[in-house]
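Engineer: Numbered by our numbering, the letters in the sequence shown go through residues 978 to 1217 in order.
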Amino acid sequence: MLLAFDTSSAAVTVALADPVSGNVLGSSTTVDALRHGELLAPAIAEVLATAGVGVKELTKIAVGTGPGPFTGLRVGLVTARTMADVLGIEVVGVCSLDILAKQSSLALPVAVATDARRKEIYWALYDGPAADGSRRRLEGPAVDKPAEVAHVLAGLPVIGRGAVLYGEVLGATATGASAGSAAGTIGAVGDEPEVVEYPSAEVLATGVVTGTLQVTAPDPLYLRRPDVTMSGGPKSVLPK
C-alpha cells in the first residue's frame, strides 16, 4: 500500500492508495498551521485504521517536499524518512506546488502560489495538462513578494492559498479545483470551480501511482533560511 502525506502548508493531509490501481482507500485533511507535529501521526493512524490496513502492509511512502515553512515541512519529511527506514520501504518526494498544479481541472496553463509568510509567496508556472493529466513545470519554484511577480502571473488562473491572500496584487483569479481537492477549499460560486488552497494527499498518492507526478528524493525545498534557527545541540561548559 502507498501512504502519502504533505505538511508543506497550513493543512496536514494524508491518504492511502492501492499501489496498482491508484484507488484511494482513505484520506484525512486538517487545516491548522500551528499543530503539524501533533496532527500528523494521529492522522496516519486514523487513515490506516479506517482502511483496515496495518502499518507493516505499507510498501511505499510519498511525501510533499515543499516549498513550505521550515517547521511544518520538516515534520512531514522526518516522519516519512523515519517510517520508511523502520519499515525498510521506499520513500519518494514530490514538489508540493506540482501537486497543486495537478489538482487543477482547467485545460490551460496555470500558476501556483502558496503562502510563504513574511508577505511572500512560493510560486511556479505550469503548462496545460498532457493527455495523461500531468503538467510540465515551466518556471519555479521560487519565493518572492507578490508585487515582484505580478507581471509573470497576471492573467493566469492561479492555484493555491497565495491567490486567495494576494489575488488583487497578483491581478490573478484564484481557481482550479478537481476531484480529490475538496478538503481545504473555499466554496464555489455559481458554476465556477472551487478554489484550491492546499495540496491534496489524494492527488499526491494517485499521481505517484500513475506516474503523472514527477518523483524526487525526499529532500526539503525550503528556498530560504528558516524563521526559527534550530539548536545545534548543547554547548560545552568545559574550559578550553
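All C-beta atoms, glycine included, are put in the ideal place defined by N, C-alpha and C.
This structure is a prediction, so every number in the text was calculated from the model and none was measured.
#1: Name the two residues that bound the continuous alpha helix (DSSP H) containing G1049.
#2: Can you give the Cα-Cα distance for S1177 and V997, rounded to whole angstroms?
#3: Rounded to the nearest angstrom, what separates G1144 and P1134 at their Cα positions?
#4: What runs of the beta strand (DSSP E), each 3 residues or longer, lie entirely inside the region 988-1027?
#5: Compute the Euclidean distance between the alpha carbons of A1165 and D1104, then round it to the nearest angstrom.
#6: Can you tell me which of R1058, E1067, D1092 and P1106 puts its alpha carbon nearest to the alpha carbon of A1078?
#7: In its own chain, which residues sit with a C-beta less than 6 Å from the C-beta of L1002, not counting the 5 before and 5 after it?
#8: Leaving out five residues before and five after A1057 in sequence, what residues of the same chain have Cβ atoms less than 6 Å from its Cβ?
#9: According to DSSP, is R1138 helix, strand or coil?
#10: What did DSSP end up calling Y1199 once you bin it into helix, strand or coil?
#11: Taking the alpha-carbon positions, what's the G1031 to S1004 distance?
#12: If A1093 sits next to L1130, beta carbons under 8 Å apart, how far is it from one beta carbon to the other, in whole angstroms?
#13: From which residue to which residue does the beta strand (DSSP E) around T1036 run?
#14: Could you tell me the distance, in whole angstroms, from the CA atom of V991 to the CA atom of A1182?
#15: Quick one: complete beta strand (DSSP E) runs, 3+ long, within the region 1089-1116?
Structural biologist: In short, the structure shows the following:
#1: F1047 to L1064
#2: 19 Å
#3: 10 Å
#4: 988-994 and 1001-1008
#5: No answer about A1165 holds up, because its pLDDT of 29 lies below 50 and its placement is not dependable.
#6: P1106
#7: L993 and A1028
#8: I1038, V1040, V1068 and P1195
#9: helix
#10: coil
#11: 15 Å
#12: Wrong, their Cβ atoms sit about 14 Å apart, outside the cutoff.
#13: Counting along the chain, T1036 falls outside any beta strand (DSSP E), and DSSP gives it neither H nor E.
#14: 9 Å
#15: 1097-1103
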